[in-house]
Amino acid sequence: MHPAVDASDGELARAVAGRAPGASDAAESELYRRFAPRVRLYGLRHLRDEESARDLVQQVMLLTIEKLRRGDVRDPDQIASFVLGTSRTMAIAARRTDARRERLREAFLAPDAFAAPDVGATLDLDRLEHCLAQLADRERSVVSLTFYAESSAAAVGADLGVSEGNVRVIRHRALAKLRACVLAERQAS
Amino acid sequence: MTAPCASPVADEVLVDYWTGDLPAADGPALEEHLFSCADCSARLEGVASIAGGVAALARQGRITGIISRALLNRLQRDGVRVRQYTLDPGETVPCAAFPGDDVVVTALNANLAGVRAVSLRVTGPNDAVMGELNDIPVAASPAAVMWVTPAALIRSLPTQRVRLTLRSADDARLIAEYALDHTHAG
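Next up, the structure:
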């Protein structure tokens with residue numbers, strides 16, 4: 652057996668499969684390290700909320716490890732598909748819960764009663780703000796409408812009076828500039 | 334082994350996926366790939382991180398430039414405290430940003446029919462240029478241009494008159510001029 656960090660996903664899953672808790676801690680940790688960020692991204696993409704995405708990670712990874720230990724994952728070599736399938740199922744359930752929570756929130760609480768996700772923990776917001784200021788006005792508008800207002804390319808195009816295809820081009824170019832700027836400032840500091 | 338990706342997903346596809354612009358039929362196959370590929374999921378993480386950062390800055394009122402009505406509505410829905418001034422062509426309006434304001438939105442009414450894009454020049458005393466925004470696309474409903482500035486920035490300005498000049502981006506034709514009599518609110 653390779654050290655866990657060098658093992659394939661399937662090798663890690665097989666190392667956990669049918670084993671008692673504690674018998675394959677290194678493989679379980681490595682599986683978590685690899686898949687938790689992917690489940691979080693899936694959660695963010697489909698649930699659009701950091702807290703819900705974190706909950707999804709805990710639920711999916713716990714269930715995955717449990718099922719592996721019990722030998723309930725039919726093909727450990729396809730562990731990525733298993734984790735994705737579990738994420739899909741649990742995200743659907745979470746969406747229903749979130750919709751209920753949102754209705755309650757709108758009925759009983761002020762709009763700022765829930766704290767915004769702590770994005771600053773992973774990204775220097777001052778740096779990003781500086782990089783956003785370097786963008787052309789049109790690029791900044793597209794970026795804000797896309798990533799803050801969560802508008803589709805078609806909606807952004809209708810809003811700004813440009814074509815959907817043009818929005819995609821502007822968005823792609825702006826994002827590349829932002830990435831390069833954030834990276835350059837990170838390296839400089 | 335976490336080998337390098339043999340078939341990397343194009344950046345545009347990752348962005349389309351994140352923004353919901355990817356055709357629904359392409360989603361499942363892409364997600365299968367993302368769950369089994371460390372490289373591509375790390376690149377998607379980069380997109381998600383910037384997207385989250387842009388949203389976080391906006392929610393904090395750290396947003397500047399031209400905004401659409403949709404963006405203004407979103408800011409207000411999220412509890413960002415907006416102070417808004419609306420100006421007709423040729424009008425001078427007294428203004429200030431007060432403690433507690435997050436952003437100041439200046440809505441410049443104008444007849445923008447037939448105009449593709451505009452430029453906005455902001456000048457202070459002695460025509461000193463304070464800002465210039467170029468090639469601003471005109472929205473589908475051409476009635477006004479809305480300019481957002483963090484209130485903290487406005488609060489830091491001294492008492493002064495600020496002139497705003499709107500021109501067509503294509504031929505520099507003057508569309509309208511406006512003025513804000515800004516009072517430093519401390």
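Chains U and A, in that order, are what the protein sequence lines are.
The first sequence begins at 652 in the numbering used here and counts up one residue at a time.
The second sequence begins at 334 in the numbering used here and counts up one residue at a time.
Don't be surprised by glycine CBs; every beta carbon is placed ideally from N, CA and C.
Since the structure is predicted, the reported quantities are computational estimates derived from the model, not experimental observations.
Say whether chain U places a C-beta atom closer than 8 Å to the C-beta of residue i.
{"i": "Ile-396 of chain A", "result": "yes"}
{"i": "Arg-489 of chain A", "result": "According to the sequence shown, residue 489 of chain A is Ser rather than Arg. Judged by the 8 Å Cβ criterion, Ser-489 of chain A is not in contact with chain U."}
{"i": "Phe-368 of chain A", "result": "yes"}
{"i": "Arg-500 of chain A", "result": "no"}
{"i": "Ala-371 of chain A", "result": "yes"}
{"i": "Val-348 of chain A", "result": "yes"}
{"i": "Asp-344 of chain A", "result": "yes"}
{"i": "Arg-407 of chain A", "result": "yes"}
{"i": "Met-334 of chain A", "result": "Because the pLDDT at Met-334 of chain A is just 49, under 50, the model does not fix this residue reliably, and the value given afterwards should be weighed accordingly. Output row for Met-334 of chain A: interface = yes."}
{"i": "Ile-399 of chain A", "result": "yes"}
Kindly say whether residue i, judged by its beta-carbon, lies nearer than 8 Å to any beta-carbon of chain A.
{"i": "Tyr-844 of chain U", "result": "Outside the modelled stretch of chain U, which goes from 652 to 840, sits residue 844 of chain U, for which no answer is possible."}
{"i": "Ser-803 of chain U", "result": "yes"}
{"i": "Gly-694 of chain U", "result": "no"}
{"i": "Arg-841 of chain U", "result": "The structure shown does not extend to residue 841 of chain U, since chain U is modelled only from 652 to 840, so the question has no answer here."}
{"i": "Thr-797 of chain U", "result": "yes"}
{"i": "Pro-688 of chain U", "result": "yes"}
{"i": "Val-794 of chain U", "result": "yes"}
{"i": "Ala-750 of chain U", "result": "no"}
Consult DSSP for residue i and reduce its assignment to one of helix, strand or coil.
{"i": "Cys-428 of chain A", "result": "strand"}
{"i": "Asp-344 of chain A", "result": "helix"}
{"i": "Arg-496 of chain A", "result": "strand"}
{"i": "Asp-777 of chain U", "result": "helix"}
{"i": "Asn-444 of chain A", "result": "coil"}
{"i": "Ala-809 of chain U", "result": "helix"}
{"i": "Ala-744 of chain U", "result": "helix"}
{"i": "Ala-658 of chain U", "result": "coil"}
{"i": "Ser-464 of chain A", "result": "Correcting the residue identity first, residue 464 of chain A is Gly in this sequence and not Ser. Gly-464 of chain A: strand per DSSP, three-state reduction."}
{"i": "Asp-354 of chain A", "result": "coil"}
{"i": "Ser-501 of chain A", "result": "strand"}
{"i": "Gln-709 of chain U", "result": "helix"}
{"i": "Ala-827 of chain U", "result": "helix"}
{"i": "Ser-803 of chain U", "result": "coil"}
{"i": "Asp-723 of chain U", "result": "coil"}
{"i": "Pro-458 of chain A", "result": "helix"}
{"i": "Ala-476 of chain A", "result": "coil"}
{"i": "Leu-490 of chain A", "result": "coil"}
{"i": "Leu-525 of chain A", "result": "Any answer about residue 525 of chain A is impossible in this case: the structure gives chain A only from 334 up to 519."}
{"i": "Ala-766 of chain U", "result": "Confidence at Ala-766 of chain U is low in this model, with a pLDDT of 39, below 50, so its placement is unreliable and the value that follows should be read with caution. Coil."}
{"i": "Leu-513 of chain A", "result": "strand"}
Mind pulling the chain B residues with CB within less than 7 Å of residue i?
{"i": "Gly-353 of chain A", "result": "Here the protein chains are U and A, and chain B is not one of them."}
Beta carbon of residue i: closer than 7 Å to some heavy atom of the ligand GTP?
{"i": "Leu-466 of chain A", "result": "Within the structure as shown, the ligand GTP is missing, as the structure has no ligands at all."}
message: Between the segment 391-406 of chain A and the segment 786-797 of chain U, can you find at least three pairs of beta-carbon atoms closer than 8 Å?
response: yes
field: chain U contacts made by the segment 380-391 of chain A, where a contact means CB separation under 8 Å
entry: Val-380, Ala-381, Ser-382, Ile-383, Ala-384, Gly-385, Gly-386, Val-387, Ala-388, Ala-389, Leu-390, Ala-391
- request: Tell me, please, whether the segment 362-377 of chain A touches the segment 819-836 of chain U by the rule of three or more beta-carbon pairs shorter than 8 Å.
  value: no
- request: Mind checking the segment 457-475 of chain A against chain U and listing, in chain order, the residues whose C-beta falls within less than 7 Å of any C-beta there?
  value: Leu-466, Asn-467, Asp-468, Ile-469, Pro-470, Val-471, Ala-472, Ala-473
message: So, does the segment 776-783 of chain U touch the segment 801-813 of chain U, judging by three or more C-beta pairs under 8 Å?
response: Touching, no.
message: Is it the case that the segment 488-496 of chain A contacts the segment 507-518 of chain A, given that we only count it when at least three CB pairs across the two stretches are under 8 Å?
response: Yes: the two stretches touch, three or more of their Cβ pairs being nearer than 8 Å.
task: Pull out every residue of the segment 773-792 of chain U whose Cβ sits closer than 8 Å to any Cβ of chain A, in chain order.
output: Within the segment 773-792 of chain U, the qualifying residues are Thr-773, Leu-774, Leu-776, Leu-779, Glu-780, Leu-783, Ala-784, Ala-787, Asp-788, Arg-789, Arg-791, Ser-792.
task: Please name the residues in the segment 804-818 of chain U whose beta-carbon is closer than 7 Å to at least one beta-carbon of chain A, in chain order.
output: Ala-804, Ala-809, Asp-810, Leu-811, Gly-812, Val-813
field: Interface positions of the segment 413-437 of chain A facing chain U (Cβ-Cβ less than 7 Å), listed along the chain
entry: none
task: With 8 Å as the limit, tell me which residues of the segment 660-686 of chain U have their beta carbon closer than that to any beta carbon of chain A; keep them in chain order.
output: Asp-660, Arg-685, Phe-686
field: Members of the segment 716-744 of chain U near chain A, C-beta cut-off 7 Å
entry: Within the segment 716-744 of chain U, the qualifying residues are Ala-731, Ser-732, Val-734, Leu-735.
message: Which runs of the beta strand (DSSP E) at least 3 residues long sit entirely within the segment 389-430 of chain A? Give them in chain order.
response: 398-400, 415-420, 425-428
query: Touch check for the segment 373-383 of chain A and the segment 341-348 of chain A: three-plus C-beta pairs under 8 Å?
result: yes
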